[in-house]
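Line by line, the protein sequences give chains A and B. Heads up: the first sequence begins at 0 in numbering that gives the first Met the number 0, then just goes up one per residue. Heads up: the second sequence begins at 0 in numbering that gives the first Met the number 0, then just goes up one per residue. First the structure, in the form of structure tokens, and then the observations on it.
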Amino acid sequence: MTAPTTPPELVQLLTPEGERVEHPDYDIDLTAEEVRALYRDLVLVRRVDLEAVALQRQGELGLWASLLGQEAAQVGSGRAMTDADMAFPTYREHGVAWCRGVDPLHLLGLFRGVNHGGWDPYEHNFHLYTIVIGSQTLHAVGYAMGIQRDGAEAASLVYFGDGATSQGDVNEAFIWASVFNAPVVFFCQNNQWAISEPLEKQTKIPLYKRASGFGFPGIRVDGNDVFACLAVTRAALRNAREGNGPTLVEAFTYRMGAHTTSDDPTRYRVADELEAWKLKDPIERVKAYLFRSQLADQEFFDKIEAEAEQLGKDLRARCLALPDPQPTAMFDHVYVEPHALIDEEREQFTTYLSGFEGAQ
Amino acid sequence: MTTLTLAKALNEGLRAAMDADSKVLVMGEDVGKLGGVFRVTDGLQKDFGEDRVIDTPLAESGIIGTAIGLALRGYRPVCEIQFDGFVFPAADQIITQLAKMPLRSLGKLKLPVVVRIPCGGGIGAVEHHSESPESYFTHTAGLRVVACSNPVDAYTMIQDAVRCDDPVVFFEPKRRYWDKADVEFGAPGLPLDQARVARPGDDVTLIAYGPMVKTCLEAAAAAEEDGRSVGVIDLRSLNPLDMPVVRDAVNRTGRCIVVHEAPVFNGLGGEIAARVTEQCFYRLEAPVLRVGGYSTPYPPSRLEDHYLPDLDRILEAVDRVFGY
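Structure below.
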């Protein structure tokens, strides 16, 4: 496979070389401080990801799904939300979690096996990670139907990948959103690969074009351009909040790493492809832009680098200090209301445990 | 007291639940203008509007998936699956999402969603319209599974299911939709997770739920003519099971037969038999017997009378349980 060329219909506001470019339909007016903040997000999110991969390699996490290469798609869309908007992630949205103020330790806890997600979805308006592919698209649409009924000024933003577009649930979500005119934005990170299956195993047409068949607009954005992702998602969310229904945003990006730490991409893709995408790195272009525009100096970059190092270090220490849950924790929260069978089994298990020597 | 069919009792129960809480929604295929294919939601859309009684696209996974989203936003959706055999496209959302999200969130999320499923056979229907899929759901931790058997329970149980903060799979015995009984509006019923002694008995205990309760009561009445005192337990709740009520009854009789339409193999009867054996071992006079469907797909309707447990199959089992 040859490296994908930039398709003509792609919304781009910042080239891989760090040049600001115009687009007739989308623009963004960012202060220097806002650009620096986006850069900081991108760098810190990548650092969290790097630390998590290392922790997995050292046996501290059972698994990790790296977001390497998708930082701009996640930070751009993540920063497009208002506090009232609700995000529905897959299991790779570490950058969006960051934007929503979720402590990365919670993400590590999940992949360490301490729990299935320890954050409060309502505190951050960031739903739990969904591992079954595409299921969360329907939850996002239902949530958006709730927003409609509440008369609230908010929207759902749901994340999924190129592979998920083949799922029935995603297609049902498109239909529901369209028919009910639900305030939801479908944010598809097309990272070109569903584990080992390339995009052509999922679709014969560009993914964003799927939307027209369902009766709502679809837009393809440069997923490695944080400005464009922010601008396009912001516009789509505003449109949804104003009662104009759903939008499908296809963020055209690339999964630079493995699907997860259990995967070996050398078995199914060529190194040239990776090299081509490295030239489109989402962070380097912002750095180049900041330099070129004299919006930041070396001192700024050094400061961010130091902050990232400290973040990684702290995160590692806190991850290693995560206690294993109590054995009986598996019985907690299975039901909200009392449940005779769970109560009975918890009691049996507690009695069983107490029979061991040294048991408390 | 008002005489109502089971379908109408559900309708009145839903109406009361919607009156009591503006967050209660009804959603499903044809539930609006038509009032559902069994008319359980008849008139609700007219009275509560299209925002609360939602005719959905024809996609069961979508119904449950969007109901989950609505519940996350604070609503209490009551979903109708049109027929038992059509629940399977929604099985993924029910099993991987609806059942597990409260635990996944460490209790920060609750999903008060009711999944109504007309179940069972005996109505001469085509394929996929007569099934008893309850064991798929009782086997899934995180779901409560209940089955109503009569109009009085139907009226209260549907309201209790809506009020419950856990997801509830609610089975409705479709061949009993037209059975009538006197229902008192506003009267509370037994708690949702409790079984009911439908008929006390001293010699043998029949354990049933949903459509088979009536059949068991008829069998018990027939057995009485032969001088046998046959008790009937209506389980009502299939997960959790109300074992104290079952235990008390079996300890009295020493003989137990579980009756359901679902295939015997790996059916709920196996679970009940195992628990009764453990908990009533020294009181049992005979092994726990099971009467149910065969290990075949549900047959064409001209054969369903042979497939479904009926009065004679139950009485034959009563005879057998006295043979030990």
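Just so it is clear, CB atoms sit at the ideal spot from N, CA and C, and this is done for glycine as well.
- Contacts with chain B (Cβ-Cβ distance below 7 Å) from the region 98-120 of chain A involve N114, H115, G116, G117, D119 and P120, listed in chain order.
- Among the residues facing chain B, L236 (chain A) is not included, as its CB has no counterpart in that chain under 8 Å away.
- Restricting attention to beta strand (DSSP E) runs no shorter than 3 residues, the region 145-210 of chain A encloses them at 155-160 and 183-189, ordered along the chain.
- Distance from the Cα of D262 (chain A) is smallest, within the candidate group A:E304, A:E196, A:V285 and A:R237, for A:E196.
- Among the residues of chain A, those whose CB is under 7 Å from the CB of D50 (chain B) are R148, following chain order.
- One thing to note: F186 (chain A) has its Cβ no nearer than 8 Å to the Cβ of V140 (chain A).
- Per the DSSP secondary-structure output, D233 (chain B) pairs in a beta bridge with B:R195 and B:A207.
- Interface residue (Cβ-Cβ distance to chain A less than 8 Å): D225 (chain B) is not classified as such.
- By the rule that beta-carbons nearer than 8 Å mark a contact, A193 (chain A) does not touch chain B.
- Taken through DSSP and simplified to helix, strand or coil, R35 (chain A) comes out as helix.
- Contact check for T246 (chain A) and L206 (chain A): beta-carbon distance about 13 Å, past the 8 Å limit, so the pair fails to qualify.
- For G244 (chain A), no chain B residue has a C-beta closer than 8 Å to its own C-beta; the minimum C-beta separation is roughly 15 Å.
- Within its own chain, the residues whose Cβ lies closer than 7 Å to the Cβ of R39 (chain A), once the five positions on either side in sequence are excluded, are I303, listed in chain order.
- Here E130 (chain B) is not near G64 (chain B), since their CB atoms are 8 Å or more apart.
- Relative to the Cα of V95 (chain A), the nearest Cα in the group A:Q55, A:D48, A:I218 and A:R148 belongs to A:D48.
- Beta-carbon to beta-carbon, Q81 (chain B) and V36 (chain B) are separated by about 6 Å, close enough to satisfy the 8 Å threshold.
- Per DSSP, the unbroken beta strand (DSSP E) holding L247 (chain A) starts and ends at T246 to F251.
- T260 (chain A) has no beta-bridge partner at all, per DSSP.
- Along the region 119-150 of chain B, going in chain order, the ones with a CB nearer than 8 Å to a CB of chain A are A140, G141 and R143.
- For K286 (chain A), no beta strand (DSSP E) encloses it; the enclosing alpha helix (DSSP H) starts and ends at E283 to R291.
- The straight-line gap separating the alpha-carbon atoms of G162 (chain A) and R289 (chain B) is approximately 46 Å.
- Contiguous alpha helix (DSSP H) elements confined to the region 290-314 of chain B occur at 303-306, taking only those with 4 or more residues.
- H305 (chain B) counts as exposed, since fewer than 16 other beta carbons sit within 10 angstroms of its beta carbon.
- For Y306 (chain B), no chain A residue has a C-beta closer than 8 Å to its own C-beta; the minimum C-beta separation is roughly 30 Å.
- For D168 (chain A), the residues of chain B that pass the 7 Å Cβ criterion are S60 and G64, in the order they occur in the chain.
- When C-beta atoms of the region 171-188 of chain A are compared with those of the region 131-145 of chain A, three or more pairs fall below 8 Å, so the two segments count as touching.
- Around S134 (chain A), the beta-carbon contacts reaching into chain B at under 9 Å are S60, G64, I67, D91, Q92, T95 and Q96.
- One thing to note: K203 (chain A) has its Cβ no nearer than 8 Å to the Cβ of G217 (chain A).
- Not a single CB atom of chain A sits nearer than 8 Å to the CB of S294 (chain B).
- Judged by DSSP secondary structure, M26 (chain B) falls within the beta strand (DSSP E) whose first and last residues are V23 to G27.
- For L278 (chain A) and S60 (chain B), the gap between their C-alpha atoms comes out near 41 Å.
- Residue-level contact by beta carbon fails for L205 (chain B) and chain A, as no gap is shorter than 8 Å.
- In the displayed model, T139 (chain B) falls within coil according to three-state DSSP, outside both helix and strand.
- Our two residues, A285 (chain B) and T276 (chain B), have alpha carbons roughly 10 Å apart in a direct line.
- Not a single CB atom of chain B sits nearer than 8 Å to the CB of V184 (chain A).
- Along the region 214-239 of chain B, the positions whose C-beta sits under 8 Å from a C-beta of chain A are N238 and P239, read in chain order.
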